[in-house]
């Protein structure tokens with residue numbers, strides 16, 4: 157159940173309920189176990205060395221602010237790469253530079269926030 161909630165816990169209630177119902181029918185009954193708080197799901201994902209990626213979709217970088225406020229990440233153990241909306245940032249060389257930066261972060265034990 158934790159894995160399902162970690163992957164779909166932030167979904168709309170109906171969408172999440174449909175996924176949990178499908179999982180219960182096809183894999184393993186989930187029962188009426190109380191849902192852990194979203195921050196716990198995020199924290200568990202960040203602490204799991206086998207977890208690959210965490211996608212938090214919010215508007216106006218709200219997730220980034222919350223990650224730092226709740227001390228789920230720190231400036232010392234993370235790298236932030238923000239997208240830009242300037243015309244000069246749409247060049248192939250700019251994209252290649254960002255890709256190299258992402259690749260470099262993958263070799264380090266840090267959280268990369270895009």
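Residue numbers (the working numbering): 157 to 270. Every residue, glycine too, gets a C-beta built ideally from N, C-alpha and C.
By the three-class DSSP mapping on this structure, what secondary structure does residue i have?
{"i": "residue 208", "result": "coil"}
{"i": "residue 229", "result": "coil"}
{"i": "residue 237", "result": "coil"}
{"i": "residue 193", "result": "coil"}
{"i": "residue 215", "result": "coil"}
{"i": "residue 242", "result": "coil"}
{"i": "residue 183", "result": "coil"}
If you follow the beta strand (DSSP E) that residue i is in, where does it begin and where does it stop?
{"i": "residue 270", "result": "Unbroken run through residue 270: none, as it is neither H nor E."}
Straight-line CA distance for residue i to residue j?
{"i": "residue 219", "j": "residue 199", "result": "13 Å"}
{"i": "residue 254", "j": "residue 245", "result": "10 Å"}
{"i": "residue 269", "j": "residue 226", "result": "15 Å"}
{"i": "residue 176", "j": "residue 182", "result": "10 Å"}
{"i": "residue 214", "j": "residue 185", "result": "31 Å"}
{"i": "residue 242", "j": "residue 249", "result": "14 Å"}
{"i": "residue 207", "j": "residue 201", "result": "6 Å"}
{"i": "residue 234", "j": "residue 211", "result": "15 Å"}
{"i": "residue 236", "j": "residue 216", "result": "15 Å"}
State buried or exposed for residue i, treating a residue as buried only when at least 16 other CB atoms are found within 10 Å of its CB.
{"i": "residue 197", "result": "buried"}
{"i": "residue 229", "result": "buried"}
{"i": "residue 178", "result": "exposed"}
{"i": "residue 238", "result": "exposed"}
Taking the alpha helix (DSSP H) that residue i falls in, what are its first and last residues?
{"i": "residue 250", "result": "248-262"}
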